[in-house]
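Notes for the one structure printed next.
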Amino acid sequence: QAFLSVRLKSIASPAPEGLTPSMAVRVVPRLAAFALAFLAARAEMQPQQQQQQKQQQDQQPIVANVSNTLKSKVGQLQQATVVASSRPFWCSVLPSSLWGSSCLDSGSGTPSPSSGQLTAQCLQVPAEKRATAAACTYSETEAIEFAYLSSAAFCKQGLQAWQCGTPCQHVPGMHDVRNIDDGELDAHAYVGRLQGQCVLAFRGTDNLNGWAQDAESSDLVDMPSCDFENTACRVGRGFLENYQAIAVGIKHELDAIGCSKSVPLAVTGHSLGGAMAALALFDLNRLGYNVTKGYTFGQPRVGDIAFTLAFNKALEYVPVHRVTKANDPVVYLPAKNPFHHVGIEVYYAGDTTDGYHVCD
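Just add 1 to wherever you are in the sequence shown, counting from 1, and you've got my numbering.
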């Protein structure tokens, strides 16, 4: 409801400063269609959530109970991780203006369960490939860290000095941070170095231009240098335009901070930023970068079945975790068929204290 109300309010609000007549002609009809798509997405959510709940009840839980030994180890984690685990997962990846009461109630909480057994999907992966398979490598502690990295992308001041408030405080050690921006399309990202790896993080939608790009992503266009068995990949036009607007700058800044193609590179993003992260994962992997992992949060569908198959094949041995949460309609957009998701979904039905489900 919070997601939906914010988006509908953005459509009904008075015209913001800088909205030209030509832009209004392009944006308003698409935003209206986008609002209707949100309503359809919420209708799609209900039966799928009921099915997921039934599967969780019928099957042996994927997340095992935490043993006393694990509880002891979890208790030694940084306080930031404990606090983050006591809140709904999406609190860490949304601007504070979108936080609800459950985000503001930070309470000490209880650390979330840790996975004590292999998932059904992981058991299907050959043993020699489990070290890099997404179904076997999901780490909630690491996911929380990347959630903060995604949240930091919303910061508009202090990012290069890594002084962006709570997100930066919870991920110490980031350095050599560089911004890459295209204000016209609301495309924003940053790169930096953290614990021996390079990080690329994309910002989600936060202004009218961003909503316009979201809306335009319902139109499919060919993605350059991508095909599956001679069938061209097609992706959302708005997503591709956003990524292409800053792709050259991203590669330039990676090179400027010493992130050559051989250095491990992790990619993350939230919402629209998650869609751009998916495109970056495919593009940078294709260009020979040492892409080692990806975490996206509330990511929409990015492209058609050809893109999904090409993506999953190209990054077969790169763990790409698509973290989702109940009641988030964004993950049901754009509409299924022709659009499809990529990566391995990690689904949270509630707070992180309730555990998660690695989906097929």
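Where a beta carbon is used, it is the ideal one built from N, C-alpha and C, also for glycine.
Residue i, buried or exposed, once every other Cβ within 10 Å from all chains shown has been counted against 16
| i | result |
| --- | --- |
| K130 | exposed |
| S226 | exposed |
| G197 | exposed |
| G108 | Because G108 carries a pLDDT of 36, less than 50, the predicted location of this residue cannot be relied on, and the following value inherits that uncertainty. Counting Cβ neighbours within 10 Å, G108 comes out exposed, since fewer than 16 surround it. |
| V64 | Per-residue confidence for V64 stands at a pLDDT of 33, beneath the threshold of 50, marking its modelled position as unreliable; the derived number appears in the next sentence. Classification of V64: buried, given that the 10 Å Cβ count is 16 or more. |
| N338 | exposed |
| K294 | buried |
| A85 | Any reading at A85 must be qualified, since the residue scores a pLDDT of 38, below 50, and its modelled position is unreliable; no value is offered. |
| Y357 | buried |
| T70 | Note that T70 scores a pLDDT of 29, beneath 50, so its modelled location is shaky; the value from the coordinates is reported in the next line. Result: exposed. |
| V359 | buried |
| L78 | Below a pLDDT of 50, predicted positions are generally treated as unreliable, and L78, at 31, falls in that range; the measurement from the model is reported next regardless. So L78 ends up on the exposed side. |
| V67 | Caution is warranted here: a pLDDT of 29 is assigned to V67, below 50, making its placement in the model unreliable, and no coordinate value can be reported. |
| P62 | Caution applies to P62, whose pLDDT of 38 falls short of 50 and renders its modelled position unreliable; the value that the coordinates give is listed next. Its Cβ having fewer than 16 others within 10 Å, P62 is exposed. |
| E185 | exposed |
| L288 | exposed |
| A128 | exposed |
| C123 | buried |
| T353 | buried |
| E141 | buried |
| S87 | Because the pLDDT of S87 is 44, which lies under 50, any placement of that residue in the model is unreliable, and the number read from its coordinates should be weighed accordingly. Looking at its Cβ environment, which holds 16 or more other Cβ atoms inside 10 Å, S87 is buried. |
| Y333 | buried |
Cβ-Cβ distance between residue i and residue j below 9 Å
| i | j | result |
| --- | --- | --- |
| L195 | M175 | yes |
| N286 | S263 | no |
| P168 | A153 | yes |
| G344 | T269 | no |
| G237 | D220 | yes |
| H171 | D182 | no |
| G239 | G299 | no |
| V324 | A144 | yes |
| A350 | A327 | yes |
| A267 | F147 | yes |
| Q125 | A136 | yes |
| P265 | C165 | no |
Cβ-heavy atom distance, residue i to the ligand SAM, below 8 Å
| i | result |
| --- | --- |
| R323 | Ligands are entirely absent from the displayed structure, and the ligand SAM is therefore not among its contents. |
Candidates the options: closest to residue i by CA position
| i | options | result |
| --- | --- | --- |
| F155 | D355, N180, Y139 | N180 |
| G275 | V303, C123, C199 | V303 |
| G159 | I145, E146, A144, D177 | D177 |
| P301 | F147, A144, L273 | L273 |
| G250 | V192, V347, A162 | V192 |
| T309 | V331, H341, N328, P335 | H341 |
| Q161 | E254, A136, Q245, H322 | E254 |
| Y244 | L280, R204, D329 | L280 |
| R410 | E143, G351, A311, R204 | Lying before the first or after the last residue shown, residue 410 is absent from the chain, which here runs from 2 to 361. |
| H322 | T354, E185, Y348, V331 | Y348 |
| A132 | W163, V319, H271 | V319 |
| A315 | E146, C199, F283, P330 | F283 |
| P335 | E346, N313, D305, T354 | D305 |
| H271 | Y149, D352, C199 | Y149 |
| S151 | A278, N313, A134 | A278 |
| T138 | W163, E317, D187, K252 | E317 |
Enclosing beta strand (DSSP E) for residue i [first to last residue]
| i | result |
| --- | --- |
| N180 | 176 to 183 |
| K326 | 321 to 326 |
| R194 | 188 to 195 |
| C156 | Taken as a continuous stretch (DSSP letters only), C156 belongs to no beta strand (DSSP E), as it is neither H nor E. |
| T269 | 266 to 271 |
| F312 | Taken as a continuous stretch (DSSP letters only), F312 belongs to no beta strand (DSSP E), being part of the alpha helix (DSSP H) at 306 to 315. |
| T293 | 292 to 298 |
| A202 | 198 to 203 |
Endpoints, the alpha helix (DSSP H) within which residue i is located
| i | result |
| --- | --- |
| S152 | 141 to 153 |
| R238 | 238 to 257 |
| Q170 | 167 to 170 |
| L221 | Taken as a continuous stretch (DSSP letters only), L221 belongs to no alpha helix (DSSP H), being part of the beta strand (DSSP E) at 221 to 229. |
| Q354 | Per the sequence shown, residue 354 should be read as Thr rather than Gln. Premise fails: T354 is in no alpha helix (DSSP H) and is neither H nor E. |
| T206 | Counting along the chain, T206 falls outside any alpha helix (DSSP H), and DSSP gives it neither H nor E. |
| A135 | 135 to 138 |
Legend entry - At least 3 beta-carbon pairs within less than 8 Å: the segment 254 to 267 vs the segment 217 to 237: no
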